[in-house]
Amino acid sequence: MTNTFYAGIDLGTSRTTITTSSGRRMTTLSCVGYCKDFIARKRFGRDYLLGEEALEHRLALEMIWPLEHGVIRDDEKSREATRLIISHLIDRTLPERESGDQLLTAVGVPAQASLNSKKTILAAIEPLVGKLLVVSEPFAVAYGLDRFDECLIVDIGAGTTDLCRMHGSYAEETDQLTLTKAGNYLDQAIMEAIQEKYPEVQLTPQIAKRIKEKYGYVYDTSDPVKVTLSSKGVQGEYDLTDVLHAACLKLAEPISEAIGELIGTFDPDFQERLRNNVILAGGGSRLRGIDRAIEKSLTPYGGGRATCVDDAEFCGAMGTLKMCEDMPLEEWERL
Ligand SMILES: Nc1ncnc2c1ncn2[C@@H]1O[C@H](COP(=O)(O)OP(=O)(O)OP(=O)(O)O)[C@@H](O)[C@H]1O
Ligand SMILES: [Mg+2]
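So that you can map any letter, position 57 of the sequence shown is 256 in the numbering used here, and since no number is skipped, the others follow by simple counting.
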């Protein structure tokens with residue numbers, strides 16, 4: 200007898216997350232590290248490492264991050280890396296699956312990518328799965344939260360910030376916006392701001408990311424942020440309170456503007472409802488004070504309410520899984 204399994208995947212620039220009908224969930228960094236030479240191959244006993252393990256040993260590996268701005272790069276290496284990441288997640292979360300069983304999968308990708316680069320995504324992943332649905336990530340978040348009423352989903356990822364206006368039916372192109380200002384952009388902005396104030400300090404995007412995740416904030420005030428950094432190998436303590444705030448606003452402000460734009464072009468009778476139902480998702484929604492900063496930016500429009508989802512890590516994948524499970528079999532047959 201053949202069984203049917205469902206998998207919901209959130210294919211992100213920084214991490215890829217899966218939840219499956221077997222009740223398992225898993226997340227990994229969206230990267231593959233190929234051994235640079237035979238010494239590396241001897242050390243690891245494999246040709247490549249995946250995710251966190253690859254990042255940890257990156258000095259011995261050629262690192263491939265197959266997604267850029269939420270879109271799979273259109274070259275064979277990136278497609279292969281994407282397949283390796285996804286097949287690893289599927290194998291680990293559906294170990295009971297046998298050949299011949301049916302696998303129905305929905306993959307969430309940034310709003311713009313779902314319109315423009317579906318073909319690349321299909322070409323990369325379709326060989327792995329039986330039937331595949333590509334959906335807009337913020338729409339999947341709304342679906343997972345059962346929010347089909349008027350609300351505005353803002354998914355702040357690493358490569359893109361995706362906004363989607365919900366109004367009880369399928370979101371259309373005009374309901375969606377994608378900004379390339381997101382987590383990676385903020386890491387870069389933090390690096391530049393620190394470098395400008397302390398030119399002697401040694402920084403990498405990894406260090407900037409760690410500082411952001413631990414201390415980043417967009418409140419008006421904060422406790423002093425003092426971080427130990429290295430200058431020519433010598434450790435010292437640096438005050439980053441102001442530079443960090445200024446850099447984080449570089450992300451919060453364009454997001455607020457984009458929210459204003461989607462609200463301002465909505466049916467006036469429903470604008471107030473939209474303003475009061477801004478939902479922040481994605482890893483970037485964990486930036487401290489981002490909800491309050493967005494509410495403050497809505498004051499000139501008449502005020503509003505922004506809330507962060509509880510499970511920023513898995514809510515996208517849970518939404519895509521739910522879409523798979525809800526979709527009638529005839530619809531799958533049509534795909
Ligand atoms: N506490 C935090 N404060 C600020 N940013 C954070 C925090 N935790 C995670 N992030 C950032 O969230 C981003 C990752 O979010 P997420 O996993 O939603 O992205 P993604 O889905 O991989 O990317 P995309 O949706 O753009 O393809 C990273 O830039 C990460 O640094
Ligand atoms: Mg994402």
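Backbone N, C-alpha and C define an ideal beta-carbon position, used for all residues, glycine too.
Handout entry: CB contact flag (T403, T379, <8 angstroms)
Key = no
Practice task
List the residues that DSSP assigns as beta-bridge partners of Q401.
Solution key: S429
Practice task
Report the rounded CA-to-CA distance for R282 versus I320, giving the unit in angstroms.
Solution key: 10 angstroms
Handout entry: Pocket of ligand 2 defined by Cβ to heavy atom distance under 5 angstroms
Key = G211 and G356
Handout entry: Y500 vs R472 beta-carbon contact at 8 angstroms
Key = no
Handout entry: Own chain partners of S535 with C-beta closer than 6 angstroms, once the 5 adjacent residues on each side are dropped
Key = No answer is possible for residue 535: the residues shown for the chain start at 200 and end at 534.
Practice task
With DSSP collapsed to three states, give me the class of L534.
Solution key: coil
Handout entry: Any non-hydrogen atom of ligand 1 within 7 angstroms of T359 CB
Key = yes
Exercise for the section: Report whether the distance from the Cβ of G343 to the nearest heavy atom of ligand 1 is below 7 angstroms. Expected result: no
Handout entry: Close beta carbons around M390, own chain, < 7 angstroms, minus the five adjacent residues each side
Key = L402, P404 and A407
Problem - Check: P309 C-beta below 7 angstroms from any heavy atom of ligand 1 - result: yes
Exercise for the section: Identify whether V333 lies in helix, strand or coil by the three-state DSSP scheme. Expected result: strand
Practice task
Put T281 into one of helix, strand or coil per three-state DSSP.
Solution key: helix
Exercise for the section: Tell me where the beta strand (DSSP E) around R240 begins and ends. Expected result: No beta strand (DSSP E) holds R240; the alpha helix (DSSP H) holding it covers F237 to F243.
Practice task
Would you kindly report the start and end of the unbroken beta strand (DSSP E) that includes R224?
Solution key: R224 to L228
Practice task
Give the C-beta separation of Y205 and T215 to the nearest angstrom, bearing in mind that I take them to be a contact with Cβ-Cβ under 8 angstroms.
Solution key: Not quite, the Cβ-Cβ distance comes to about 17 angstroms (not below 8 angstroms), so this is no contact.
Practice task
Would you mind giving the Cβ-Cβ distance between L303 and G329, rounded to the nearest angstrom? I have them listed as a contact below 8 angstroms.
Solution key: 6 angstroms
Problem - Rounded C-alpha distance that separates T498 from R242 - result: 58 angstroms
Handout entry: Integer Cβ distance of L461 from L351, believed to fall under 8 angstroms
Key = 6 angstroms
Problem - Endpoints, beta strand (DSSP E) assigned at V308 - result: Q301 to V308
Problem - Reduced DSSP secondary structure (H/G/I, E/B, other) of V424 - result: coil
Handout entry: C-alpha gap between K413 and E532, whole angstroms
Key = 47 angstroms
Problem - Span separating the alpha-carbon of D374 from that of L448 - result: 25 angstroms
Problem - beta strand (DSSP E) segments (min. 3 residues) lying fully within the region 502-527 - result: 505-507
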